[in-house]
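Worksheet: the structure to be examined is printed underneath.
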Ligand SMILES: Cc1ncc(COP(=O)(O)O)c(C=O)c1O
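Numbering (the numbering used here), first residue to last: 149 to 551.
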């Protein structure tokens, strides 16, 4: 098969005509700050994930940060209180815990599905545990029924870091609908991509007000949008004027613009041309790559779960085969790869928790050493998928010949 000369990325951006039309509408109306597109985007995203309120912000990390700070304020968490967090995730999940002066307590992940291993959570709970940061990696929801049971038993709050998982279900319930607050990212390569962006969602309307205030410098909720002082009622206007520049907590400036919301809204409206295609591509790769399962572990979907395949994770199983040999071969053939979210072996984490921190988390260590992912997004073509499969074959045939 002829070599593809452009990169098959782990994600792609390909803006639809509808996205462009919506952005043009934003430009035509000169309304860039929080307005109708942001409101529509928030509404459809909240509905799709069984939440009442969504707050659109400038990144998934910002969403996580206001989620942690909102829970900290509501439940009176103190410096040094503990939040359980998986030992494999993107750095932002645990960074936001640290940035809030809380302590992440790491728990190893499951070796088949890669999310937090619920059987290990209880032994990590101490009198200072306040919550669990559940991360739904690669497009699959964590084992929420067991996790919710533990949270109930120990009165813990749940933050869902669903930055990588949208429009997925677990046992009939939507990802993002289990926790006190759930957070999503719309950064490049994510299921919905607005360039930068994120959402914090909740079923609790009061929590929604708190989240929006935190994203708007800690402002009084009487004035969250430039439309909020448009009223003919003089009494009301006077009250708004009095309070609209009140900051009642220390917040952040995490607002996004109407342009990102317009791009996001168009994508959600066309979600049927996204998720089913990802699932179909994943099925194809699973079927074709299954011949090499003695060497690599392919992604699996938990019973009762639906996977939205933000990407296609692979772990090298055969110790004779170094991950780097395979990923270098793929990259040389223009198939982009990324390591599977190493966290505890990051230089900064090793400095903080000790050079041998990974030793306490054997599955995380195994994934950090052997895991990587490739793209599984709707902009791939069938010919490109065939090429990916052919390159795996070429690699393993050669590997077997030289053994
Ligand atoms: C699991 C997880 N959490 C948080 C984030 C942070 O999202 P953002 O890059 O939008 O800040 C990401 C981003 O890739 C992620 O994968």
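Beta carbons: idealized from backbone N, C-alpha and C, even for Gly. What you are looking at is a predicted structure, and each value in this text was computed from that prediction instead of being measured.
Can you find a heavy atom of ligand 1 that lies under 7 Å from the Cβ of residue i?
i: residue 312; result: yes
i: residue 520; result: no
i: residue 254; result: no
i: residue 189; result: no
i: residue 237; result: yes
i: residue 474; result: no
i: residue 209; result: yes
i: residue 309; result: yes
i: residue 283; result: yes
i: residue 279; result: no
i: residue 335; result: yes
i: residue 453; result: no
i: residue 346; result: yes
i: residue 241; result: yes
i: residue 359; result: no
i: residue 446; result: no
Just grab the DSSP bridge partners of residue i for me.
i: residue 459; result: 523
i: residue 277; result: 230
i: residue 252; result: 231
i: residue 364; result: 401
i: residue 445; result: 463
i: residue 331; result: 309 and 348
i: residue 606; result: An answer regarding residue 606 cannot be provided, because it is not within the stretch 149 to 551 covered by the chain.
i: residue 317; result: 322
i: residue 343; result: 335
Kindly indicate which residue of the options has the alpha-carbon position closest to the one of residue i.
i: residue 365; options: 328, 205 and 173; result: 205
i: residue 256; options: 537, 518, 492 and 530; result: 492
i: residue 325; options: 261, 314, 173 and 361; result: 314
i: residue 426; options: 378, 294 and 528; result: 528
i: residue 451; options: 298, 372, 317 and 404; result: 317
i: residue 536; options: 456, 484, 506 and 550; result: 484
i: residue 230; options: 280, 223, 217 and 222; result: 280
i: residue 525; options: 446, 458 and 545; result: 458
i: residue 419; options: 151, 152, 153 and 164; result: 164
i: residue 174; options: 405, 287, 522 and 398; result: 405
i: residue 304; options: 224, 496, 387 and 542; result: 224
i: residue 220; options: 274, 358, 449 and 370; result: 358
For residue i, count the other beta carbons within 10 Å of its own beta carbon; 16 or more makes it buried, fewer makes it exposed. Which is it?
i: residue 285; result: buried
i: residue 265; result: buried
i: residue 540; result: buried
i: residue 263; result: buried
i: residue 333; result: buried
i: residue 347; result: buried
i: residue 530; result: exposed
i: residue 431; result: exposed
i: residue 408; result: buried
i: residue 213; result: buried
i: residue 488; result: buried
i: residue 151; result: exposed
Give a single yes or no on whether residue i has its beta carbon closer than 7 Å to a heavy atom of ligand 3.
i: residue 159; result: Looking at this structure, you won't find ligand 3 anywhere; what it does contain is ligand 1.
Counting only C-beta atoms, is residue i closer than 8 Å to chain B at any point?
i: residue 373; result: This model lacks chain B altogether, as it is built from one protein chain only.
(message) Counting beta carbon pairs with one atom in the segment 497–512 and one in the segment 467–482, are three or more of them shorter than 8 Å?
(response) no
(request) Determine contact between the segment 503–520 and the segment 233–240, defined as no fewer than three beta-carbon pairs at a distance below 8 Å. (result) yes
(request) Check whether the segment 363–382 touches the segment 246–254, taking contact to mean three or more Cβ pairs, one atom from each stretch, closer than 8 Å. (result) no
(request) Assess, as a yes-or-no matter, whether the segment 178–192 is touched by the segment 293–309 under the definition of 3 or more beta carbon pairs within less than 8 Å. (result) no
(request) Would you check if there are 3 or more beta carbon pairs closer than 8 Å linking the segment 406–414 to the segment 165–175? (result) yes
(request) Flag this pair as touching only if the segment 374–383 and the segment 336–346 have three or more C-beta atom pairs under 8 Å; answer yes or no. (result) no
(message) I want to know whether the segment 174–188 touches the segment 394–413 - three or more CB-CB distances under 8 Å.
(response) yes
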